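All remarks here apply to the structure that follows.
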Amino acid sequence: MTTIGFGRVARRVFYLIAACSLTASAGFATEPKSDLALELRLVDTVVNQGALGRGVTGMAKIEIALDSLRDAHDVVLELRAPDGRPLQFRSRPVSMGPLAWSDPRGARIAPGSRGILIPARGRILTRLDVPLEGAAIHGLVVKAKAVSAAEEVETEAFVLVPVGVPMAVAVEDPESGLANFTVKEAN
Amino acid sequence: MRTIRLTVAVALLAVAVPARANWVASGQLLYEHREWDQFGFTGAITIKPVRYADVEVIDPTKPSNKQNLAWGKTDANGNFSVSVVDSTTRSKVRARILSQSTQTSDLFVKVVTPSGSIYAANTSDYNNHGPNVNVNWGTMTAIAFGGAEVCNIFDLAVYGADHIKMLTGARPNSSKLVTFKFSLTGGITVASTSGNTVTLRDTAGFDDTVILHEWSHYVMNSYSKSSNPGGTHFLSDCNEDPRLAFDEARASFFGCSVRRANGWPNANTYVRTSGTSGTGGALNTYNLEDAEQYACTGDTSEVANSRAMWDVGDSAATNDATPGVDDTPPDTLSLPDLENWQVFAGPVKLATYVTGESFWNGWFDPTIANGNFPAMKDIWNSFTIEFWHDASEPNNTTATATPLAPGGGLLHLSYFYDSNGDNKGEVDTDLFSFTAAAGQAFTVETLNLLSANDTNLEILASNGTTVLASNNDRAAGDKSSRIVWTASSAGTYYIRSKRASGGYTIHGSYDLQFTSP
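Taken in sequence, the protein lines are chains A and B. Heads up, the first sequence is in my numbering, so the first residue is 1 and it goes up one at a time. Heads up, the second sequence is in my numbering, so the first residue is 1001 and it goes up one at a time.
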């Protein structure tokens, strides 16, 4: 009998859910991908309203899925602002630390001599916690790089993260069945 | 009696004469469009009209089911002018422009949230409205990252409907209502289409070619047929399922052909961006006119298939990066989009499995007879998609078997037979004869299979029927074939090469090698 710790179970459940949510469209005609393709989804944002004179901060929890046509190795993620500069938090580049990667079935992928590997036509998953500073809707770019067929390949994805302000671009009204958004009116 | 007559007369008058409007609600809705090129977003914003969208004038103080005061729609310039029959003084009135087209009799398009809500762009409230006061809200603009994406998707769907009208004489009817699901608040990571429903990636609001690609899947689901098994696919994959390769190719080609027909810039380029709020962000830039990019051969590549179909209609007039040039591969065809459309809506719709073969054979089907074989062959041959006789045909029987001597090098062949010369292919068997001395060993094998080919080899006895040796797959996962065989007696023997049973295609090309040590 094998006893699996709660944390391990929770991690497996998370990766299964993530795999399902990020592959829900399988079986449909989907958009074509580049050799290395990244999908990301904002799962949650934890907001700290700030204290002792500090401003509002937030922690964006993001699911990442990476697909590769061919075997790829030395997978690296980078966090960028929309203008291409490294993402900063309190004037310092955000460090992701070691990431826990998994395959779609939830099995942990350990880094080898060539770092994290993606098998040909395979998918790997991870989760990021990204600190953000200031009450605003933040644009966040996650860039992925890997080596495939002896060449560096890269891709990226973009997500908007509301911190301390509502993401109220369209407010759904269940009564009317409408999602309302406002428009800019000329004076 | 007189009272009754008068009442009836008044009632009839009320029915016969439309009520006179008390006031007019007017305005114009525009949206910001983020311009892009092959590198992604350029940083430029253009302003476009929201065309043919429903407009509803409402009293927002009332319950939802009692708010409506009048319906109208925007025109080709995004203007609306809605007559309102309402003699009530109201504390607030408002107009909202909806992402649906119920007020346009021949347009069936809507953009909804993932949960199915129609989007509504709301004007400000006009307060203390008297019953005869016209209200002009002026020019309003939906902004990027604030609803303009919805307007862009709606507008491309209207252009798409008009493209169908150009091809068929009518926009898609109510049974072909297209629904785009799009989220302004995230959560959808891949664009996909099923039936008449297009689900767009949440960052694809300005990825015009992605939107039109997915819309094209809906069009083909509605007017043609798809056998696409779906799932993840990559532009540089040269060995896709032929059903997927063709359907994705057709979606890319057809979506870009809407841009070409409208004379829009970068018509030849499929661009998928990350959706970044900054500039750039192109993830896939796929040039339909550059045969070197994502170069693949055979019809198991969506890129090769799409470039071939694109080139049928491409001309020097295409608004692409090389204006005035009919691009690679050079060809003599610059046919109207209707020629391809006839194939999609005709023979392809009847195919058992829809692949690149369905298109080629449909093109030459007697019901279409699009002809232009030499030019079509030039185009398809540039991608080594070979749907025509090889040099050894006809060699379908032992009587017509092609004599073969060992050591002659690679013989390039295709499984394609055309019994009546109409260029439409049929199932093909290739037969070769050879003479052997007693005890002589031979190796016969197929190599370099293309276009989802799956070979089966047999060595037949002198009677042409007895199978002496055979091989289907050389190894697990390798659909080529290989036979090593030694003749027990001197005589004439035959090699029979045919498509293995199963699969989704009947054609395909290959090389045959015949050796004797």
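Using N, Cα and C, we set each Cβ at its ideal position, and we do this for glycine too. For clarity, every value in this text was computed on a predicted model and none was experimentally measured.
Query: Residue 41 of chain A versus residue 1412 of chain B: straight-line alpha-carbon distance, rounded; Result: 49 angstroms
Query: For residue 1159 of chain B, three-class secondary structure by DSSP; Result: helix
Query: Run of the alpha helix (DSSP H) containing residue 1310 of chain B, from where it starts to where it stops; Result: 1302-1313
Query: Residues that DSSP places opposite residue 1129 of chain B in a beta bridge; Result: B:1090
Query: Residues from the segment 1108-1141 of chain B in contact with chain A, defined by Cβ distance under 9 angstroms; Result: 1112, 1113, 1115, 1116, 1117, 1118, 1119, 1120, 1121, 1122, 1123, 1124, 1137, 1138, 1139, 1140, 1141
Query: Residue 93 of chain A classed as buried or exposed, judged by whether at least 16 other C-beta atoms fall within 10 angstroms; Result: exposed
Query: Nearest to residue 81 of chain A (by Cα), restricted to the options B:1281, B:1442, B:1094, B:1502; Result: B:1281
Query: Where residue 1188 of chain B falls: helix, strand or coil (DSSP); Result: coil
Query: 8 angstroms Cβ cutoff, residue 1297 of chain B in contact with chain A; Result: no
Query: Host beta strand (DSSP E) of residue 48 of chain A (start-end); Result: 36-48
Query: Proximity test, Cβ basis, 8 angstroms: residue 1213 of chain B and chain A; Result: yes
Query: Short CB-CB distance (under 8 angstroms) between residue 82 of chain A and chain B; Result: yes
Query: Near-chain A residues of the segment 1235-1252 of chain B (beta-carbon distance less than 9 angstroms), N- to C-terminal order; Result: 1235, 1236, 1237, 1244, 1247, 1248, 1251, 1252
Query: Cβ pair count under 8 angstroms reaching 3, the segment 1227-1246 of chain B against the segment 1281-1295 of chain B; Result: yes
Query: C-alpha gap between residue 25 of chain A and residue 1191 of chain B, whole angstroms; Result: Unreliable placement is indicated for residue 25 of chain A, whose pLDDT of 38 sits below 50; no coordinate value is reported for it.
Query: Chain-order list of residues whose beta-carbon lies under 6 angstroms from that of residue 23 of chain A (same chain, five-residue window excluded); Result: Low confidence applies to residue 23 of chain A: its pLDDT is 42, below 50, so where it sits in the model is not reliable, and the reading given next is rough at best. Within the same chain, residue 23 of chain A has no close Cβ partners at all.
Query: Spatial neighbours of residue 1368 of chain B in its chain, beta-carbon cut-off 8 angstroms, leaving aside the 5 residues before and after; Result: 1342, 1343, 1346, 1347, 1362
Query: Neighbourhood of residue 1462 of chain B by C-beta, 7 angstroms cutoff - its chain only, sequence neighbours within 5 removed; Result: 1491, 1492, 1493
Query: Proximal residues to residue 1111 of chain B (C-beta, below 7 angstroms), its chain only, five neighbours per side dropped; Result: 1099, 1119, 1150, 1153, 1154, 1180, 1182
Query: Close Cβ partners of residue 63 of chain A (< 6 angstroms) along its chain, the five nearest in sequence each way excluded; Result: 18, 41, 43, 127
Query: DSSP state of residue 1404 of chain B mapped onto helix, strand, coil; Result: coil
Query: Check whether residue 1246 of chain B and residue 1305 of chain B have beta carbons under 8 angstroms apart; Result: yes
Query: Among B:1115, B:1375, B:1256, B:1092, nearest to residue 1128 of chain B - alpha-carbon criterion; Result: B:1092
Query: Residue of A:102, A:39, A:179 minimising C-alpha distance to residue 170 of chain A; Result: A:179
Query: Local Cβ density within 10 Å of residue 1062 of chain B, reported as buried at 16 or more and exposed below that; Result: exposed
Query: Own chain partners of residue 1469 of chain B with C-beta closer than 8 angstroms, once the 5 adjacent residues on each side are dropped; Result: 1458, 1459, 1483, 1485
Query: Chain A contact residues for residue 1477 of chain B, given Cβ-Cβ distances below 9 angstroms; Result: The contacting residues do not exist; residue 1477 of chain B stays about 13 angstroms from chain A at best.
Query: Close beta carbons around residue 1448 of chain B, own chain, < 7 angstroms, minus the five adjacent residues each side; Result: 1510, 1511
Query: Residue nearest to residue 957 of chain B in terms of C-alpha spacing, selected from B:1104, B:1078, B:1049; Result: Missing from the structure shown is residue 957 of chain B; chain B here goes from 1001 to 1517 and no further.
Query: Start-to-end residues for the alpha helix (DSSP H) that takes in residue 118 of chain A; Result: Where residue 118 of chain A is concerned, there is no enclosing alpha helix (DSSP H), given that its DSSP letter is neither H nor E.
Query: Near-chain A residues of the segment 1353-1380 of chain B (beta-carbon distance less than 9 angstroms), N- to C-terminal order; Result: none
Query: The segment 150-165 of chain A contacting the segment 133-140 of chain A, beta-carbon criterion three pairs below 8 angstroms; Result: yes
Query: Assigned exposure category for residue 1041 of chain B - 16 Cβ within 10 Å defines buried; Result: buried
Query: Complete beta strand (DSSP E) runs within the segment 1178-1228 of chain B (minimum length 3 residues, chain order); Result: 1178-1181, 1192-1194, 1197-1199
Query: Min CB distance residue 181 of chain A to chain C below 8 angstroms; Result: This model lacks chain C altogether; the protein chains it does include are A and B.
Query: Cutoff 8 angstroms: residue 1407 of chain B Cβ touching any chain A Cβ; Result: no
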